[in-house]
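> Taking this note's numbering, the leading residue of the sequence shown gets 1393, the next gets one more, and so forth.
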Amino acid sequence: MQQAIRLAGFFAAHGVWCVADGEDLIPLYAFEDPAGERKMVRYAGEQVEDAVAEARARLAANPDGAQHAVLVHDGFLTLPSGRTDALILSVRDFAGEGALTLAVPYRNAAHPLGFAVHRPKFLDWRGEQEPDYGQLGEDFFAGVEEHEMGDRVWQAQLDDSI
1393 MQQAIRLAGF FAAHGVWCVA DGEDLIPLYA FEDPAGERKM VRYAGEQVED AVAEARARLA
1453 ANPDGAQHAV LVHDGFLTLP SGRTDALILS VRDFAGEGAL TLAVPYRNAA HPLGFAVHRP
1513 KFLDWRGEQE PDYGQLGEDF FAGVEEHEMG DRVWQAQLDD SI
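Dropping the structure here:
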């Protein structure tokens, strides 16, 4: 799962970079092919829900023979502080048969206080044994750091309050 979560961190940073200026995130599907090369496909459509469903179907079917894959789309998360925008990540490690869903909450750029990104939230794990969430967090942020522009935005706009 280490490589899968690093891939997720990289594309989460890409997503943060995209939404930091108030842009809508076009759902994206990213994967590492059998040779270890990273690839990304955007799913634009008239209805975001249709685009996300199409990307989910590709994630489930794995037609590319990917080793690891992640679907990143915009959504909402309900926290104790209320409903907030969030990037939703569905992560798959096809070799290890693990699946993880996490969210990266953020404050929309249109908010009076401006854009902010919050700590990731692990939402769901599917695998044979419970993961080491501390290690997953380290691997995730190692992936974030690989995305130069996304990491720069993440570090500058981090709000650890939620």
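In this text, a Cβ means the ideal position worked out from N, Cα and C, and glycines have one as well.
1. Is L1451 helix, strand or coil by DSSP?
2. Hey, Q1394 and E1424 are a contact pair by Cβ (cut 8 Å); roughly how many whole angstroms apart?
3. Please list the terminal residues of the continuous alpha helix (DSSP H) segment that includes M1432.
4. Where does the unbroken alpha helix (DSSP H) through D1531 begin, and where does it stop?
5. Would you please state the rounded distance, in angstroms, between the beta carbons of L1463 and R1448? I believe it to be under 8 Å.
6. Can you name the start and end residues of the alpha helix (DSSP H) that R1398 belongs to?
7. Leaving out the 5 sequence neighbours to the left and right, which residues in its chain are closer than 6 Å to Y1421 when beta-carbon positions are compared?
8. For L1515, I'd like the list of residues in its chain whose CB is within less than 7 Å of its CB, leaving aside the five on either flank, ordered along the chain.
9. Note down the Cα distance separating D1477 from N1500, rounded to an integer number of angstroms.
10. Assuming F1514 is part of the beta strand (DSSP E), what are its boundary residues?
11. Once DSSP output is grouped into helix, strand and coil, what is the label at E1424?
12. Compute the beta-carbon to beta-carbon distance between I1397 and V1483, rounded to the nearest angstrom, for a pair I have assumed lies under 8 Å.
13. By how many angstroms is the C-alpha of Q1439 removed from the C-alpha of D1531?
Answer, in terms of the structure:
1. helix
2. At roughly 12 Å, the Cβ-Cβ gap does not stay under 8 Å, so Q1394 and E1424 are not in contact.
3. For M1432, no alpha helix (DSSP H) encloses it; the enclosing beta strand (DSSP E) starts and ends at R1430 to R1434.
4. Y1525 to E1538
5. Confirmed, Cβ separation roughly 6 Å.
6. Q1394 to V1411
7. V1433, A1447, R1450 and L1463
8. T1493, L1494 and A1495
9. 7 Å
10. K1513 to R1518
11. Annotated three-state conformation of E1424 is strand, per DSSP.
12. 6 Å
13. 33 Å
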